[in-house]
Each structure stands twice: as structure tokens, then as C-alpha cells.
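Each remark here refers to the structure printed beneath this line.
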Amino acid sequence: MQNIKGFFTQLKVSTRILIIILVTLVMSWMAGTIAFWGAKNIMIYQYQKRSTSKGEGYLTNESEGGANGTAAIGEISTGGMTIDSNAISLTPWDGASRVTVLVLGLDYRDWEEGKDYSRSDTMILLTLDPFTKSAGILSIPRDLWVAIPGYQHGKINTAYYLGEAHKLPEGGPGLAVDTVETFLGVPINYYAQIDFGAFIKFIDEIGGVKIDVPQEITVDLLGSGSATKKKLKPGVQVLPGEWALAYARARYTEGGDFDRAARQQQVILAIRDRILSFDLLPSLIAKAPTLYQELASGIHTNLPLDDALKLSVLASQVPKENIYQGIIDEKMVIFGTSPDGLSILIPVPDKIHLLRNEIFASSGVLNPLTPGDNQQQMAAEGARVSIINGSSQTNLGERMAQYFSGLGANVIDFSEATQTASNTKINIYTGRPFALRYFADYFHIGENRITLEYQPDNPAEIEIIIGDDWASSNSLP
Amino acid sequence: MNKPLFGKWHIPRIAFFKQTNHVILSVVCLIIILVGILLGVILGYSNGLSTIKQLEKIALTTSLGEQFVLAEQDLAAGRYQVAQQRYVYILERDANFPGAAEKLVEALKASNLSNQIVIILPTPTLTPTPDLRPIEELYSEAVNLINQRDWQKAVDTFTSLRKSDPNYQVSKVDGFLYLALRNMGIEKIMNKGDLEGGIYDLALAEKFGPLDTEANSSQNLARMYMYGLSFWEVLPEQAVYYFGQVAAAAPYLQDSSGWIARNRYRSALIQYGDQLAVKDKWCQAVSQYSSAWAIQEDNSLQEKIKKANDICTPPTETFVPITITPTLTETPIIFFTPTWQPASPTQTSTQAPTIAATTQIPPTNTVPPVIPTTEIPSPTSTPSQEQIPTETPVPTQPVVEEPSETPSS
């Protein structure tokens, strides 16, 4: 070393500088090369890890839930979850509108029987409206007889199976979402297929759920054989993950699948209560990436982690009284048998529409926000009203115009019709729903005597043609 | 002692300067090395990125190829809608994928021939992004969309507006939303095959104000169609009844799978005929088959009619297929007089819908409605009523055990 130093000091200064520069450049080149390969390999490794992780997810599925071992194409992973980027039919959430997630649980029996592909065992629609801070839970029974897009009619739980078995571009979840959307008519933004293992882990993570078991119930802990059959006694108790899952899956009660749906909703609300009552949300959010990594193999979703976090915060702000719950139960179906002899539930559309509207349409931005009762709404609307007297009673139009003006209506003219009208009718030329409702109620007019034709340039927005029916029975002061 | 670093450019031998020179030199060297590392990282990152893109491209090509093969299998097996879905998926990702466009056309044609449907090509779903325009601009844009009768975009724009300021022109926005939802609902039902979506939109419109004749008729048609779908393949006599009514009023009303009401009605008639034949009610089966024949003839149906007719009538008679030329018009004029009234303007009735069609189209159903009442059969009257299956038997002697470990609360 001393020799080298001595040799170095004997060299000319310019030579010394040159050597230093050369050595530095060589070192820089070497370090750069190492950095180059490091950066490249880390990226490729992460990419491959992501690919493997999604493959593992499905492999885990195969071992736990019975799904196939082939990952759906076009999947990417963020934050540890398996994210499906190919969900072309699904509308991404804008962060402010109503958001709806289809939660899917797979059929454990399919796995037990060693089937390649699994049916869905649980279908629950969760909806959240940030505008009104309201939420909804709708359980869909698995034996519902529905049209499956692209396939023949079948039980709704076969949609997932068909999508997986036929390797549809959007896979089982995509077809399940399409089927539910077609059946209910509500847009679904995301899906989340949760395996049993992930469910158990999550419940254990939050320290179990407090459940009020109404009556003694036999539950089946994961596994096989009668040794896994246990009984839960009535009363409030904190159930760990395995027991909570068994409770949610149990169908050995009188109400069968409908009771089971109620228990599943009970567990969902218990999770919410647990998180809120122990103020677990901040800590869960803090360790969300880690938690999601742990649960990654058991959750398959197109819901990005950041949206999941936003939703969990929003959900925590929804008061319990604003959570609408519904189950498509025995009152909304007819028990039947499919052509191949399976027990099915035939939906009664109108009854299901009522439930759907209660959960999805009872709040949100697409609801009237004009304050007041109908008369006040009518007055606030200020619709230009024209009254035509088609009755044989003269001056009725003028009297009606004066009467309605006194109530705050914007009556712009009244006239006598050239022909008599036996029935009172309303023509509407633009969107004036409150005035329309007010006048329809006042004249006792059903939709068969209301016509709507959009004519924005028409001087009158609402035209009331008074007929003899009203003239003979009106109670005008 | 120390030879000056810069030799002939002798700098005063002050230790401070010497040290400073060394420090400067060291820093310069370090910077050069760091620049090298930085360059390496940048180049490695971009190289890794391009490698990943290549890998993704290979994966995509492989997966698109797989979808193409599967689509061809679907096409060959007559699963035209699934095949279409796959081809659309391929073309969305690679518009130049060899043969995909041609095959899509082939699938569309095949689907069209098989069902006589009007194909609704999927429209790309736009990603909604927060609209940060001033609220006046949003309002003006939304009103323009209403005037252009672009109902869906109008609803989206008013929704954005309402999220920005729910109190802005509240009454007018309510009015426009009513109008847009009402028209969007009708459009979905009558033109887009989205029957449930249309019913839902009309239910939303009804929250604002009552529906008019046209909207109510569309809603009833869709509801009847959905009832028919509920009974599809399981209670064909019910399906015949509901699809018969829809087909008489709007034969080309389409559902999301591409079927039209007329073809649903025809298939339901055949299904019902088959069911009657199984029950040895051959003469009634002939009646159903003949009604189906009147809508559209085909060889397999002719064989069914012949067989049923042979058993129903003396075998000496020669069967002559009934030839009734369907008189359906391509663009039917529909006008309904709904006989069903909702329980209240804001609530959908649970009573089954009925419509008295006074359309110009003569109904193709030559068979009187199988079910004279519009009552939906109750579970008790359903012949195939069954208990909910309990696929796993309840253990007779379950082990009583409490959870061994309950997490601390």
C-alpha cells in the first residue's frame, strides 16, 4: 500500500488526475451497471411476483374454494389484492356517486367434491350512497331461476361457474355481475369474491364479532366429517373467525337459505359494529397494505385498494338507521323445479322490484330534493300552466285558473276548447313533475290520461284539458 | 513532507487548502459515481419497463389467442352471444387482431339468423371523472343535453352538478331529472333491450312525479316480459300467457340476451306443447304447436305437430300443416290502454301487470290465454312446490361445544 502511495506521489500531477478520473469513471460505470441490473431485475421480479401472487390466489381458491387454477386474463395486482383490470362492463366509481359491490362466496361443497370449478354459494349486493350517507344490503338466494347472459336460464349460482368453466374474458365474477345486473337492473361497480380463509383471517384481525344468536343452531366448522359439527347456544357472544364463518354458512334452520342470508347480514353488521365500537378503523387503515397482502390470496376483486379504503371510511360514517337491509325471500319467489329436476326459486318480479327500489332508489342524488309538500313544490316549480275548458260548463276554465293561481300556480292562460271533452286530461311538454303530480292528484287522473311530449318551445309547460267528468263532480269553491 | 498535489502549479503549503482540494476531489469523484448509479437506475428502470411491456404483450397475445380459439368453439356450438362477447373483448384490446372483426360479423349474422334479433353492440363505458367545471357551465351543458335528447349524459351531468351543489336550481334540476330518467327508461326498454334497467329508471322517475301513458305502457311491457322470463322453461303455460301479451303488443321488444318477444312467445308455446304431450294431452299440444307454427315454420316443429296430430286425431287422416301467414309489421304502432293501476303513484304495485293492447298488429296467439286471470300463482297453487333443499343433512347428535377461544373484546 505504501509502495502504491509512493509510486502515486511520484507521478506527475496531470497523470495522477487522469488516473483518479479513470478510476472514478470505472467505478461509476460498475456501480451504474449494478444499479441497472438491480433496477431491472427488481421490476421484473415484482411483475412476476404479482403474476405469481394472482396465480397463487386462484390456486388457493382451488384448494379452498374449488375454483380453477387458471387466473383470469388481464389481471394485475395492487396492494396485494388480485385486481381484475378486464372488467370492461363494470363502471368505475367516481368517488361520489352511489357505489355497489357484489360480494361473492364460493360453494365449499364443490371443493369438497373435488370439482374443477365452483358455483357461488353467497351473493350479497352492498350499496353505499355517499351523498345521503346511506347504505343497503341485499341478499340474493343461490337457487333463483334467472336468465344468464349468453347462456340458457339457470340458477343464479351457476353464473360464476359458467364464467370460470368457459374461461369468459371477465371470468366467473364478470358473468355473475352481468347476471345480477340483468336481473335487478341496477349498475354494479365492483365485485369481491372472498374465500373462507380470508374471511376468517379478517374476523380474527378485528378480534371477532359480537353476535346475538337468537336460538340454538348447529354450525359446521370448516373441514369434513361430523366432528366439525358444533352447536352454538343462544345469547350474545363474541365469535372468532372460524365460528363466525360457520354461523354465516349454517343452513340447518327452518328458514334454510333465507335464514342463512339473514345471518350473513347479521355478521356483516356485526363487523361494522366491531370496527366502529372499538375504533378499529384507523389502525386497520394504517395496516391496510399489510393486511391486504395477508388476505391477498383469498380476495379476488376489481376494487382498487384506495377505493376500498375510501369506501370503508364512508361506510363508517353511515348511521345504522340509514342501512337498508333486504333479502329476496320466500315471499318474493315461487318454489319450483327446473327442467333437470333441481329445486329452484322462481322470482316474482314486482315484489323484487319493491325491495330493490327500497334499497337502491329510496335515497341518493336521483331523488327529488325540492323541499316542501306537493303544493309548495308545485309553486316553487313555477310551471307555466294553460287551462282549456273542454267541459260543457262555461267559465269553468276561468274559475279553475283563478283557483290555481290562488294556490301559487303559474297559470299563463285559460281558454275554451273547440270540442267538448268527456274526460279531463293533462298534457305535459317538459319536466315539471311536481305540478304534474299536484294536478293529477287534484283531478284524480291516472297515467292513462297523461301524455308527455317534450316541446321545450311550447309556451305552456302543462296543459290541463278539463272534461265533463270534472265539471259534473268538482268541489270548486 | 508532502509533495504538493498540483506539482508545478504550486499552491502555498497551507494544510487547509490541501485538505480542501482533497475534499473537492473526493466530492467530484463521488458525484461522478452517483451520477453513474443514477443513470444505471434510470436505464435499468426503463429497460425493465420495456421488458415488462413485452412480457405483457406476449401474455395479452396469448390470452387473446386463447379467447379467439374459444370464440370459434362457441361459434361452432351455436353460442353466438358468448362468441360475440369474446370477439368484442379481443377487438377492444387489439383492433387489428387477425380475423376477429370478420368473425364478429359472422357471429352477429349467425345470431341474427337464429333469433331474428336486432343486435345491440356494446357501447364503451366511459370512466366518470369528477367534473370540476363551474356549476353554471354544468347546468347549461346538462340542459343542452336534454335538448339534444341525450338522456343518459344529461342524467350524468345533472348528477355531477348535484354532487357539487345539491341546492343549485333545485326545482329545475328535479324537473330535468324526471324528464331524463323517464325518457332514458323508455329508451332502455324499447330500444336497448335493458328491460330491468328501464324499469328501474322509470321507478326513479316516479319518485319525482307520475308517469304518463307511454312510460307506463313501456314499464308494463317490460314487467310482463320479466314475468314471462321468470317462468321460462319451468312454467311454460305462464310464459305463454305473458309472452303472448307482450308479443301481441310489441313483437320485436328485445331482452338483453337478444331474444325478441315474438320468438320467446313461439318457444314458450312449443315448451308448453311439449309439456302437454308428456302428459298425454296431445290435442292441446297440437293447439300450442300450431300457434307456434303460425309464427314461424320449421321442420322439427312440423314433426312435433305431425306426431301430436297423429295421436290426437284418427291415424287415417293426413296431416296438413296449418299455414297461417304472420301479419306482423316491421315497425309496429303500439298503443296501450293499461288496465293495471298501481297502488299509489309512488309505489309499484305487486299486482301482476296486464295491458289491453289496442295495437294495429293482430296478435299471433290464436290460442286463448291459458291462464284467464292475471293473478300471479301463489306458492301454494304451484304444482311443483317444493321445500327448500337441505343438501347437507342435519346431524342427529351434534357435539355441543362453545367456542374455545373468544377474542377479548
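Protein chains in written order, with my numbering: chain A, 887 to 1363; chain B, 82 to 490. Even glycine gets a Cβ: it sits at the ideal position worked out from N, Cα and C.
Sort the options by Cα distance to residue i and report the nearest one.
{"i": "Gln1101(A)", "options": "Ile1089(A), Leu1118(A) and Phe1085(A)", "result": "Leu1118(A)"}
{"i": "Trp915(A)", "options": "Leu316(B), Ile114(B), Gln165(B) and Ser107(B)", "result": "Ile114(B)"}
{"i": "Leu260(B)", "options": "Asp1354(A), Ser1359(A) and Pro1342(A)", "result": "Pro1342(A)"}
{"i": "Ile1232(A)", "options": "Leu1195(A), Val1032(A) and Ala1194(A)", "result": "Val1032(A)"}
{"i": "Gln250(B)", "options": "Ala1357(A), Arg1270(A), Thr1256(A) and Arg1335(A)", "result": "Thr1256(A)"}
{"i": "Gln1123(A)", "options": "Gly1093(A), Gly1283(A), Asn1334(A) and Val1063(A)", "result": "Gly1093(A)"}
{"i": "Leu990(A)", "options": "Met1009(A), Arg1005(A) and Gly1000(A)", "result": "Met1009(A)"}
{"i": "Pro1055(A)", "options": "Trp313(B), Asn102(B) and Thr143(B)", "result": "Thr143(B)"}
{"i": "Glu153(B)", "options": "Ala140(B), Ile139(B), Tyr168(B) and Leu141(B)", "result": "Tyr168(B)"}
{"i": "Gln162(B)", "options": "Arg1318(A), Val1251(A), Pro1035(A) and Arg1158(A)", "result": "Pro1035(A)"}
{"i": "Pro291(B)", "options": "Asp1226(A), Ala1265(A), Lys1196(A) and Asn1260(A)", "result": "Asn1260(A)"}
{"i": "Ala320(B)", "options": "Leu283(B), Arg345(B), Leu334(B) and Pro332(B)", "result": "Arg345(B)"}
{"i": "Arg343(B)", "options": "Val367(B), Trp374(B) and Val315(B)", "result": "Trp374(B)"}
{"i": "Ala1148(A)", "options": "Ala1084(A), Thr1176(A) and Gln1211(A)", "result": "Gln1211(A)"}
{"i": "Ala1247(A)", "options": "Phe289(B), Ser252(B) and Ser241(B)", "result": "Phe289(B)"}
{"i": "Tyr283(B)", "options": "Gly266(B), Asn272(B), Glu295(B) and Ile376(B)", "result": "Here residue 283(B) is Leu; the residue named in the question, Tyr, does not match the sequence. Among Gly266(B), Asn272(B), Glu295(B) and Ile376(B), the Cα nearest to that of Leu283(B) belongs to Gly266(B)."}
I need the DSSP call for residue i, collapsed to helix, strand or coil.
{"i": "Ala1174(A)", "result": "helix"}
{"i": "Glu137(B)", "result": "helix"}
{"i": "His103(B)", "result": "helix"}
{"i": "Asn177(B)", "result": "coil"}
{"i": "Leu1108(A)", "result": "coil"}
{"i": "Thr394(B)", "result": "coil"}
{"i": "Thr440(B)", "result": "Any reading at Thr440(B) needs caution, since the residue's pLDDT is 34, under 50, leaving its predicted position unreliable; the model's value is listed next. Thr440(B) falls in the coil class under three-state DSSP."}
{"i": "Phe289(B)", "result": "helix"}
{"i": "Gly266(B)", "result": "helix"}
{"i": "Gly354(B)", "result": "helix"}
{"i": "Gln154(B)", "result": "helix"}
{"i": "Tyr1210(A)", "result": "strand"}
{"i": "Gln377(B)", "result": "coil"}
{"i": "Leu1338(A)", "result": "strand"}
{"i": "Lys1311(A)", "result": "strand"}
Hey, could you find the ends of the alpha helix (DSSP H) residue i is sitting in?
{"i": "Val1066(A)", "result": "Gly1057 to Leu1070"}
{"i": "Thr240(B)", "result": "Trp232 to Ser245"}
{"i": "Ser1359(A)", "result": "Asp1354 to Ser1359"}
{"i": "Gln1038(A)", "result": "Segment: none, Gln1038(A) is in no alpha helix (DSSP H) and carries neither H nor E."}
{"i": "Tyr1076(A)", "result": "Premise fails: Tyr1076(A) lies in the beta strand (DSSP E), Tyr1076 to Ile1080, not in any alpha helix (DSSP H)."}
{"i": "Lys1196(A)", "result": "Leu1191 to Ser1202"}
{"i": "Gly1127(A)", "result": "Gly1127 to Arg1135"}
{"i": "Asn225(B)", "result": "Ile216 to Asn228"}
Going by the DSSP bridge assignment, what does residue i pair with across the sheet?
{"i": "Glu1302(A)", "result": "Asn1275(A)"}
{"i": "Glu1347(A)", "result": "Answer is none; Glu1347(A) lacks a bridge partner."}
{"i": "Asp1015(A)", "result": "Ser1020(A)"}
{"i": "Gly1121(A)", "result": "Val1099(A)"}
{"i": "Phe1221(A)", "result": "Leu1231(A)"}
{"i": "Ile1010(A)", "result": "Val989(A) and Ser1025(A)"}
{"i": "Arg1270(A)", "result": "Asn1296(A)"}
{"i": "Gln335(B)", "result": "Ile341(B)"}
Could you check the C-alpha separation between residue i and residue j for me, to the nearest Å?
{"i": "Gly256(B)", "j": "Gly1057(A)", "result": "41 Å"}
{"i": "Arg1160(A)", "j": "Val1095(A)", "result": "6 Å"}
{"i": "Leu1338(A)", "j": "Ile1331(A)", "result": "14 Å"}
{"i": "Gln441(B)", "j": "Ser983(A)", "result": "With a pLDDT of 32 at Gln441(B), under the threshold of 50, the predicted position of this residue should be treated as unreliable, though the coordinate-derived value follows. Going by the C-alpha atoms only, they are around 43 Å apart."}
{"i": "Met305(B)", "j": "Phe1290(A)", "result": "39 Å"}
{"i": "Tyr1003(A)", "j": "Lys1217(A)", "result": "32 Å"}
{"i": "Asp355(B)", "j": "Lys269(B)", "result": "33 Å"}
{"i": "Glu1349(A)", "j": "Gln1263(A)", "result": "18 Å"}
{"i": "Glu1267(A)", "j": "Leu302(B)", "result": "31 Å"}
{"i": "Ile1086(A)", "j": "Asn1208(A)", "result": "27 Å"}
{"i": "Ser127(B)", "j": "Glu137(B)", "result": "15 Å"}
{"i": "Glu187(B)", "j": "Ala164(B)", "result": "10 Å"}
{"i": "Tyr931(A)", "j": "Ala1051(A)", "result": "30 Å"}
{"i": "Asp275(B)", "j": "Leu1282(A)", "result": "45 Å"}
{"i": "Gly159(B)", "j": "Ser338(B)", "result": "14 Å"}
{"i": "Asn1243(A)", "j": "Glu295(B)", "result": "21 Å"}
{"i": "Asn889(A)", "j": "Gln135(B)", "result": "53 Å"}
What are the boundary residues of the beta strand (DSSP E) that includes residue i?
{"i": "His1239(A)", "result": "Where His1239(A) is concerned, there is no enclosing beta strand (DSSP E), although the alpha helix (DSSP H) it sits in stretches over Pro1235 to Phe1246."}
{"i": "Ala1033(A)", "result": "Trp1031 to Ala1033"}
{"i": "Thr1187(A)", "result": "Ile1185 to Thr1187"}
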